[in-house]
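Trainee:
Residue numbers (this note's numbering), protein chains in the order written: chain A, 220 to 871; chain B, 18 to 650.
Below, the structure written as structure tokens:
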């Protein structure tokens, strides 16, 4: 048979020919199959119940020992802290926290960091984290667990979570008097939201970095004390001791998730202590909605994917994932006053403290790092999940469209060339080969490189020294650079007209690169890959370079392509979001507000990428924008006069 | 350069005072044996209490043949001296980490897990002999102490060059001395080590201070370290005049907050679960030393010590209260003795203790399972520069690169590294070898006053063979502690025994020009790239095998031409077919028949360039109408 070496084996056999005739139908069938598969995932038959894979965790094996006196201490500490807060309107009462840690007998340290903000003339911001280490009696500081609580000053725009620090301190005091700890416990109070946490983690893992390296924006410094390799982390955000429910936040940087075991552990312990807890938990009133189970599940999936897709962590826990430390946030919402269930204020925090103790003891039991269970999953319901093996087929089906189309286009390439030619019958197989060989690979490569270069500039230009020195603030600067690059990409096909055959080749390479990009991005961050695939795959299928195509269809495709420009997509997303957030605005106000918000969004994405290492901005600039430029070129389908290719062919 | 040399000389040549020898000459050629038991209680900062037990057996055995007749010294010790050329031996079994910054320096140093080092000396001893003896010695003590010391072999042992100095008295020239060092940081120390350790004592755990060492209480501490130290002292002129010293130490640190009742006071009974029931009858002396100043000032002692003594070492004075147990139990009758430390109520002022002159920390930097950096931070709080020697033992599964070794200094209290580099005064590097040798690195430098040095070296993590992963592979692999040595000019926080002494009381008023200090840092856990060893992993392994097996046939199918030929000579009629077969078989027995006119399937009527010779095989011809042949193109 000689599959590889037989030159006589034609790539266009009957099956391929037939398929090629129905290429678009086949592709759309795959697309629909992928989307339907995804919708099916919400059905209980397609997802599984959660279970604890790591036996060492054994949640709830021990009786909680934390008692009401810890609650009393927490209440007392909260009162003290409230008094301190009156003097610290926009700063953190470091001294008070330090004093408390020392009083409880922890090894206490502070960590200073500096942010060199690159935009707007280069400002410097300083911050300070406070942490206390409980040195475990059973280990020589080789492993540690982090319990962190963000501190927000009264002037902060975010929800007040003052109670987290007293709760953390109360637990620290309890834990200090126990001798069963087999991992050092680090109690960490960070400020300035995620920046403080990022600085602390960077100092912990990259403490020897030289401060005067030019390319660093966050100068994290070094930590005076450490606790070995960190195994897990729990971030606590508590609005009040009297809690209504607990929302467990898991989405981390670049859509990474903690091990499913950790999420299950928290759920089990919370259930044991009788605390209402769940993933994307909402207040009780909303929970009693009459949605069917399927619809609820689908909403939950979509909610999770949309949070994950931006790659921005929704809590301080998200930054741990980068260092392979499994972490999540338990965010406790305040109880609304008119609730029927009235708890005794003197013991309000006890269930939460017991839950934290239970989680801590389970984590303490861990002999190995979290490695069982799943790191890639989608949570359908609090106790149901979809594993990577179940959700990947949906994305693969979508990506398969472009690969199939690429194959079919490639295999019908000579056929189209032949039909262009006058005498197809006499053309031999070797002649067909030479048509393939004579395709303008070089110019297509150059074109691809040019598109990539335009995209890559989006990464480099906004942070270039000359541009940073311009007296423009960050948002308009970044936005104008991005718009300029997009315009450049928009204009590229008008300026550069490709040689004959190049358009087809470009089409095939686009399809292949697009398919690969989808799979890679989908593996790293499923939600982003899937959303991009759902949005763009129909357009990519519809693209047609044949000159004989319907002209109305062609112009429709062009409009479609224009709509899918990354900037336009971002603007539309922001527009929809602001429409839901501010329904009172008029259309004109809304459009304007969305424009500024989109500008801000692009700047934040850029800052996220340089400080936190979020690659969304990079992916958009370096992957999506070049792909879009090529799509746009193909949608325009500008070709040279057909007289030239024929002449060229004859020479060949 | 001169300073460097001076400090090297200081480190290398120890003045072993002739004090020990003087004793030897006093009682020539007759064996005498003494046993001493001592307990030191030192309250430490941060509600911690250090209790240090030292049991010393000193046997002037004289002639080597006398080693067969042991009395107080355990037989195993005497036997190893007979069998091996070991002259000095240190074993430490430790759980926890000594916190230098708050607790000062311990009396005896030890690193977490098991640590073992020994000096060998004998005429005509070669390095290969020592390697063999070293492994056998480790195996012996593996049995004696029920520890995993049998895992000590050449893949985790090194021969330190500068950091350790012999504490024994050698007979001949110095080149005949060999030292081996190894740590097992993963070793977990428990009751099973304490019991055999106590069995080495003359009185066992029946009476004396050793009765206080109850496993339920000993292992409830923040730090506990069992130590065995053996050394021989021989007259350099007379090889038949020798002393063997066996020192067994138990160093414990209690956290008063972890004891059940109030954290202000404590007693022997609360620390050890019971009072003292007497002294070991075989002991020459049984003393309890209680530190009265510094952190000990807070406490009232009940009963009061029999007498007090002050010890000034290097300008640093310590006040000890002494209880002589043999005096206390002089009268007849069984009773229990208890000492209570009663703290003043309500004083919670926690003055920050000064950190000791030199301390060190070690940590792992970098993320990911491919590479990282081992960082060791040594801090000098003294107002003078200190010479420092640091030894790293990096196991073979971690590749260290010498060219990435950096030594940077920064002022104390500033947590950012400056680019200021320090100079190495000394550098010894023996590269590791996969699965055979660990990397051995020793560096010496002068640490400026009031500053700290950060030593980093980049490492690559190796992907192990699948059988080399230990159970619980995702726990990570250990890198043992670094050993740091220095000469302190002052005696602050310094309590170690002087070289020529063998009892704790020998350290009183033992002022010297410099004090040799050895520190241990934290051990590290690295997560090497680890397969998940789960069902999917096995599936992947299996799938890879299947792919590997399938590759050959698929490759040959894909690259070779299959020619289909029809057996035209086969008739269609059933009867004739049978006849044909019979004749065919008969004919084949005699000669190989070459198939006539093999019908080749020529793709698309393309002219075939080559005509293949296809041989017919006898077995296929009889059953098949057509047979497939493979012929390579």
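For every residue, glycine included, the Cβ atom is placed at its ideal position computed from N, Cα and C.
Keep in mind the model is a prediction, meaning the values are calculated, not measured.
Can you give me, in chain order, the residues of the stretch 483-504 of chain B that have a beta carbon less than 8 Å from any beta carbon in chain A?
Mentor: Within the stretch 483-504 of chain B, those residues whose Cβ lies closer than 8 Å to any Cβ of chain A are, in chain order, 489, 490, 491, 492, 493, 495.
Trainee: Exposed or buried, which one is residue 593 (chain B) when buried takes at least 16 other CB atoms within 10 Å?
Mentor: Exposed, because fewer than 16 other Cβ atoms sit within 10 Å of the Cβ of residue 593 (chain B).
Trainee: Should residue 356 (chain A) be flagged as near chain B, meaning a C-beta pair shorter than 8 Å?
Mentor: yes
Trainee: Might you give, ordered along the chain, the residues of its own chain that have their beta carbon closer than 6 Å to the beta carbon of residue 309 (chain B), omitting 5 neighbours on each side?
Mentor: 336, 338
Trainee: Residue 289 (chain A) lies in the beta strand (DSSP E); which residues open and close that run?
Mentor: Segment 287-306 is the alpha helix (DSSP H) holding residue 289 (chain A); no beta strand (DSSP E) there.
Trainee: Could you give the residue range of the alpha helix (DSSP H) that holds residue 757 (chain A)?
Mentor: Element bounds for residue 757 (chain A): 745-761.
Trainee: Give the range of the alpha helix (DSSP H) segment to which residue 779 (chain A) is assigned.
Mentor: Counting along the chain, the alpha helix (DSSP H) containing residue 779 (chain A) begins and ends at 770-782.
Trainee: Quick check on the DSSP output: what are the complete beta strand (DSSP E) runs of length 3 or more inside the stretch 380-448 of chain B, in order along the chain?
Mentor: Taking only runs of at least 3 residues, the beta strand (DSSP E) segments lying wholly in the stretch 380-448 of chain B are 388-397, 403-411, 415-417, 423-428, 443-447.
Trainee: For residue 591 (chain A), I'd like the list of residues in its chain whose CB is within less than 7 Å of its CB, leaving aside the five on either flank, ordered along the chain.
Mentor: 272, 273, 480
Trainee: Name the chain B residues that come within less than 7 Å of residue 286 (chain A), Cβ to Cβ?
Mentor: Chain B residues near residue 286 (chain A): none, gap ~15 Å exceeds 7 Å.
Trainee: Taking 8 Å as the cut-off, decide whether the C-beta atoms of residue 437 (chain A) and residue 452 (chain A) are in contact.
Mentor: no
Trainee: Counting along the chain, where does the alpha helix (DSSP H) carrying residue 845 (chain A) start and finish?
Mentor: Residue 845 (chain A) -> alpha helix (DSSP H) spans 844-855.
Trainee: How is the alpha helix (DSSP H) around residue 149 (chain B) delimited, first residue to last?
Mentor: 144-162
Trainee: Hey, residue 108 (chain B) and residue 513 (chain B) are a contact pair by Cβ (cut 8 Å); roughly how many whole angstroms apart?
Mentor: Going by Cβ atoms, the distance from residue 108 (chain B) to residue 513 (chain B) rounds to 17 Å, so no, they are not a contact pair.
Trainee: Count Cβ pairs between the stretch 380-391 of chain A and the stretch 356-371 of chain A that sit closer than 8 Å; are there 3 or more?
Mentor: yes
Trainee: By the criterion of Cβ-Cβ separation under 8 Å, what are the contact partners of residue 392 (chain B) in chain A?
Mentor: 426, 427
Trainee: Secondary structure at residue 65 (chain B), three-state DSSP: helix, strand or coil?
Mentor: strand
Trainee: Buried or exposed for residue 421 (chain B), please, with buried defined as at least 16 other CB atoms from any protein chain shown within 10 angstroms of its CB.
Mentor: Here residue 421 (chain B) is exposed. Its C-beta has fewer than 16 other C-beta atoms within 10 Å.
Trainee: Quick one, which residues of the stretch 261-292 of chain B are near chain A if we go by CB-CB under 7 Å, in chain order?
Mentor: 272, 274, 275
Trainee: What is the DSSP secondary structure of residue 272 (chain B), counted as helix, strand or coil?
Mentor: strand
Trainee: Report the rounded CA-to-CA distance for residue 851 (chain A) versus residue 667 (chain A), giving the unit in angstroms.
Mentor: 13 Å
Trainee: If you measure between the beta carbons of residue 395 (chain B) and residue 470 (chain B), is that distance less than 8 Å?
Mentor: yes
Trainee: By the 10 Å Cβ neighbour count, where 16 or more other Cβ atoms means buried, how is residue 547 (chain A) classified, buried or exposed?
Mentor: buried
Trainee: So does the stretch 293-302 of chain B actually touch the stretch 224-236 of chain B, counting three or more Cβ pairs closer than 8 Å?
Mentor: Counting Cβ pairs under 8 Å, three or more are found: they touch.
Trainee: Is residue 474 (chain B) near the ligand MG - that is, is its Cβ less than 7 Å away from at least one heavy atom of it?
Mentor: This structure lacks the ligand MG; in fact it carries no ligand of any kind.
Trainee: By a C-beta neighbour count over all protein chains shown, 10 Å radius and 16 as the cutoff for buried, is residue 400 (chain A) buried or exposed?
Mentor: buried
Trainee: Taking 8 Å as the threshold (C-beta atoms), are residue 310 (chain A) and residue 348 (chain A) in contact?
Mentor: Contact check for residue 348 (chain A) against residue 310 (chain A) fails: the beta carbons are separated by 8 Å or more.
Trainee: Within 8 Å of any Cβ in chain B, is that where the Cβ of residue 708 (chain A) sits?
Mentor: no
Trainee: For residue 477 (chain B) and chain A, any beta-carbon pair shorter than 8 Å?
Mentor: no
Trainee: Note the first and the last residue of the continuous beta strand (DSSP E) segment covering residue 625 (chain A).
Mentor: Not the beta strand (DSSP E): residue 625 (chain A) falls in the alpha helix (DSSP H), residues 607-630.
Trainee: With a threshold of 8 Å between beta-carbons, can residue 540 (chain B) be considered close to chain A, or not?
Mentor: Yes, because at least one Cβ of chain A sits closer than 8 Å to the Cβ of residue 540 (chain B).
Trainee: Between residue 606 (chain A) and chain B, is the shortest Cβ-Cβ distance under 8 Å, so that the two count as touching?
Mentor: Chain B has no Cβ within less than 8 Å of the Cβ of residue 606 (chain A).
Trainee: Taking the straight line between their C-alpha atoms, what separation do you get for residue 597 (chain A) and residue 664 (chain A)?
Mentor: For the pair residue 597 (chain A) and residue 664 (chain A), the Cα-to-Cα distance works out to about 39 Å.
Trainee: Going residue by residue through the stretch 459-500 of chain B, where are the continuous beta strand (DSSP E) segments of at least 3 residues, counting only ones entirely within it?
Mentor: Runs of the beta strand (DSSP E) inside the stretch 459-500 of chain B: 468-478, 494-496.
Trainee: For a test of the three-state rule: what should DSSP assign to residue 818 (chain A), helix, strand or coil?
Mentor: helix
Trainee: For residue 449 (chain B), which residues of its own chain have a beta-carbon under 6 Å away from its beta-carbon, when the five flanking residues on both sides are left out?
Mentor: 413, 455, 456
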